[in-house]
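Each residue of the sequence shown is one higher than the last, beginning at 1 in the working numbering. Heads up: the structure comes next, in structure tokens.
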Amino acid sequence: MPYGSRLTAEMTRRLGRECLYVPSARLALYLALRRWCRPGVRVLMSPVNDDVILFVVLAAGLRPVQAPVSVWDGNIDPAAVPESTWRNVEAVLTTNLYGVPDRVVQLRRRCDQLGIPLFEDAAHAIGTRVAGQPIGTFGKAAAFSLSKHVAGMAGGFLAVEDTGTRRELERLRDELLVPGRLRGDLATTLRPLARSAVLGLRLVRPVWRTMQRLGLLERDTFRMELHPRRLADCARRAPSLPAYEPWVRVDLHGFRERHGSLVRGQLKLRMDRLDGALARRSVGVSLLASTAWAGGALRERTAEDGPLPLFRVPLLVQDRDALLDRLVDHGMVCGYVYDPPLDDYAGAEFVEPSPDPSAARWFASHTLPVDPLLAHKVVRALTKERVRPASPEARHLRDPRRDRDVPQAPPAPCC
Ligand SMILES: Cc1ncc(COP(=O)(O)O)c(C=O)c1O
1 MPYGSRLTAE MTRRLGRECL YVPSARLALY LALRRWCRPG VRVLMSPVND
51 DVILFVVLAA GLRPVQAPVS VWDGNIDPAA VPESTWRNVE AVLTTNLYGV
101 PDRVVQLRRR CDQLGIPLFE DAAHAIGTRV AGQPIGTFGK AAAFSLSKHV
151 AGMAGGFLAV EDTGTRRELE RLRDELLVPG RLRGDLATTL RPLARSAVLG
201 LRLVRPVWRT MQRLGLLERD TFRMELHPRR LADCARRAPS LPAYEPWVRV
251 DLHGFRERHG SLVRGQLKLR MDRLDGALAR RSVGVSLLAS TAWAGGALRE
301 RTAEDGPLPL FRVPLLVQDR DALLDRLVDH GMVCGYVYDP PLDDYAGAEF
351 VEPSPDPSAA RWFASHTLPV DPLLAHKVVR ALTKERVRPA SPEARHLRDP
401 RRDRDVPQAP PAPCC
């Protein structure tokens, strides 16, 4: 039986696309970029993104081109990308930030016109649909992360269009996987259980504070240390996953370890409960979208189409950084803060800056990504802390409805 076949069968059933199992979404993205982009290709991507993904793009030997984003959701704003940029990019990578869909129909149309591949990062968006069509079925390839929605802290998929491509990518994956170890598999299996115990026993605050004091957290700030000199040295070895491993592995050291049946069995059990988890997320999104901290786009989308089963809900708040620290005392650690935007973080040596970084800066510095499964707790804490909502400045404001992607017709099959 092919590696991870029970998991991939389930994912293929959900998505209606060929899938291969991978230990992480970052490895899935690396495989896709290596398969379709020759070294040196310029890839359009959102600067409001996990820094790990920037390093995946660099490891694949590509040049990350930062796009202007919508101030409402931090995703690429295709209409604001200058024509000169469109003419100079050879691939597009979406983010579907926190599960809010990118403008995939517009992006797909544009990519088709230009004859370039669209890659969907669906790590946050396993249950998201656009006009009934699942995110992850619009582009050439899509990466999913089981660390996110099913809290597996490992595992993922790469979804592609046909069996031949899947087989080819399985061979590439097998070359990049490193052998698993029982110790690693045990740790991967026990970590989510330990996290649930910490949450259930209301130990988030003491555990987090102790880890902070002992220096056990991998990141001191929202972004990992860049180490620009070492990074510049690596460019000579790109494309190379091992060269960039010190950056790419942050938050998930086993990102290319071959999982044994213990890990895969546990992930399968979690995937079997995915629909229930997504339904609970939608309930939380519905509550959070009705609060003053929800941005206009989230409120309107929820009112018109019903709540999406988001991975995180991007609330817009004032004094976000101080609030994050105070929320630990309420038993909440909010991760997935992508501030500053990647062009401010890495600089022009490593990325091509966005022609208009202001919306990304505003969004990144005011967003509080909260877990919809904790919606009631979040509302209680923000009310108690008298948190003030934030609104984008007038120069960023566009009608959020204009930002929506409403497909007129199903997209044509990818070229
Ligand atoms: C937007 C985004 N894409 C991809 C990933 C990578 O997922 P994984 O941890 O499964 O490699 C992350 C990780 O947090 C992410 O936030």
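Ideal Cβ placement from N, Cα and C applies to all residues, glycine included. Nothing here was measured: the structure is a model prediction, and the numbers come from that model.
Sequence-distant residues of the same chain with beta carbon closer than 8 Å to residue i, five excluded per side
{"i": "N88", "result": "R42 and V65"}
{"i": "R35", "result": "A141, T165, E168, L169 and L172"}
{"i": "K268", "result": "R6, L7 and E10"}
{"i": "Y3", "result": "Y21, E170, D174 and R258"}
{"i": "V283", "result": "P307, P372 and A375"}
{"i": "L176", "result": "L27, Y30, L31, L241 and R256"}
{"i": "L186", "result": "L262"}
Counted within 10 angstroms of its Cβ, other Cβ atoms place residue i as buried (16 or more) or exposed
{"i": "P206", "result": "exposed"}
{"i": "A412", "result": "Low local confidence applies: a pLDDT of 42 at A412 is under 50, so the model's placement there is unreliable, with the coordinate-based value given in what follows. A412 should be labelled exposed."}
{"i": "L62", "result": "buried"}
{"i": "D339", "result": "buried"}
{"i": "D220", "result": "exposed"}
{"i": "M1", "result": "exposed"}
{"i": "A409", "result": "For A409, the pLDDT reaches just 43, beneath the cut-off of 50, and the residue's location in the model is therefore unreliable, although a value from the coordinates is still provided. With fewer than 16 other Cβ atoms within 10 Å, it is exposed."}
{"i": "P341", "result": "buried"}
{"i": "Q212", "result": "exposed"}
{"i": "G139", "result": "buried"}
{"i": "H124", "result": "buried"}
{"i": "R209", "result": "exposed"}
{"i": "G347", "result": "exposed"}
{"i": "P47", "result": "buried"}
{"i": "L15", "result": "buried"}
{"i": "A159", "result": "buried"}
{"i": "G421", "result": "Any property of residue 421 remains undetermined from this structure, which presents the chain solely from 1 to 415."}
{"i": "G99", "result": "buried"}
{"i": "A143", "result": "buried"}
{"i": "E83", "result": "exposed"}
{"i": "H227", "result": "exposed"}
{"i": "C111", "result": "buried"}
{"i": "G215", "result": "exposed"}
{"i": "R312", "result": "buried"}
{"i": "E304", "result": "exposed"}
Contacting residues, own chain, Cβ-Cβ under 6 Å from residue i (five flanking each side not counted)
{"i": "E10", "result": "M271"}
{"i": "G127", "result": "L278 and P309"}
{"i": "P101", "result": "T128, V130 and I135"}
{"i": "R287", "result": "Inspection of the sequence shows that residue 287 is occupied by Leu rather than by Arg. Around L287: A375."}
{"i": "F55", "result": "Y244, W247 and V248"}
{"i": "A390", "result": "L316, V317, Q318 and H366"}
{"i": "M428", "result": "What the structure shows of the chain is the stretch from 1 to 415, and residue 428 is not part of that stretch, so it cannot be assessed."}
{"i": "L252", "result": "S24"}
{"i": "D321", "result": "none"}
{"i": "Y345", "result": "R223"}
{"i": "T12", "result": "C19"}
{"i": "G295", "result": "W72 and L316"}
{"i": "E352", "result": "V65"}
Rounded Cβ spacing between residue i and residue j (contact assumed at less than 8 Å)
{"i": "I53", "j": "D121", "result": "7 Å"}
{"i": "A238", "j": "F157", "result": "About 25 Å; that fails the 8 Å criterion."}
{"i": "T95", "j": "V104", "result": "Going by Cβ atoms, the distance from T95 to V104 rounds to 11 Å, so no, they are not a contact pair."}
{"i": "R264", "j": "V178", "result": "With 8 Å as the limit, R264 and V178 do not qualify as a contact, their Cβ atoms being about 16 Å apart."}
{"i": "R229", "j": "P372", "result": "With 8 Å as the limit, R229 and P372 do not qualify as a contact, their Cβ atoms being about 41 Å apart."}
{"i": "E161", "j": "R17", "result": "7 Å"}
{"i": "G180", "j": "G74", "result": "That belief does not hold up - the Cβ atoms of G180 and G74 are roughly 35 Å apart, past 8 Å."}
{"i": "G152", "j": "P192", "result": "6 Å"}
7 Å Cβ shell around residue i - same chain, five flanking residues per side excluded
{"i": "G449", "result": "No information on residue 449 is available, as it lies outside the stretch 1 to 415 that the chain covers here."}
{"i": "V350", "result": "In the sequence under discussion, the amino acid at residue 350 is Phe, which differs from the Val named in the question. Correct list, in chain order: L58 and L231."}
{"i": "G331", "result": "R202, V204 and R205"}
{"i": "T68", "result": "Per the sequence presented here, residue 68 reads as Pro, with Thr not at that position. Cβ within range, chain order: D77, A80, V81, S354, P355, D356 and A359."}
{"i": "V71", "result": "A359, W362, F363, P392 and H396"}
{"i": "L323", "result": "V317, L368, E385 and V387"}
{"i": "Y30", "result": "V56, A59, A60 and L241"}
{"i": "C334", "result": "L324, L327, L368, P369 and V370"}
{"i": "D329", "result": "R205"}
{"i": "T291", "result": "V379"}
{"i": "N49", "result": "T95, Y338 and L342"}
(message) Across the region 361-380 and the region 265-276, are there enough close Cβ pairs to call them in contact, namely three or more that are closer than 8 Å?
(response) no
(request) Mind the definition here: the region 375-394 touches the region 317-334 only if three or more C-beta pairs lie below 8 Å; say whether that holds. (result) yes
(message) Going residue by residue through the region 60-146, where are the continuous alpha helix (DSSP H) segments of at least 4 residues, counting only ones entirely within it?
(response) 83-88 and 104-114
(message) Quick check on the DSSP output: what are the complete alpha helix (DSSP H) runs of length 4 or more inside the region 20-64, in order along the chain?
(response) 25-36 and 51-59
(request) Kindly confirm or deny that the region 216-234 and the region 246-258 touch, where touching means at least three C-beta pairs closer than 8 Å. (result) yes
(request) Tell me the start and end of each unbroken alpha helix (DSSP H) in the region 288-342 that is at least 4 residues and wholly inside, in chain order. (result) 296-305 and 320-328
(request) Enumerate, from N- to C-terminal direction, the unbroken beta strand (DSSP E) stretches of 3 or more residues contained entirely within the region 139-210. (result) 141-145 and 156-160
(request) Just list the alpha helix (DSSP H) runs in the region 211-238, keeping only unbroken ones of 4 residues or longer that don't cross its boundaries, in chain order. (result) 228-235
(message) Using only Cβ atoms and a threshold of 5 Å, which residues come within that distance of a heavy atom of ligand 2? Order them by chain position.
(response) The model depicted lacks ligand 2 and carries ligand 1 instead.
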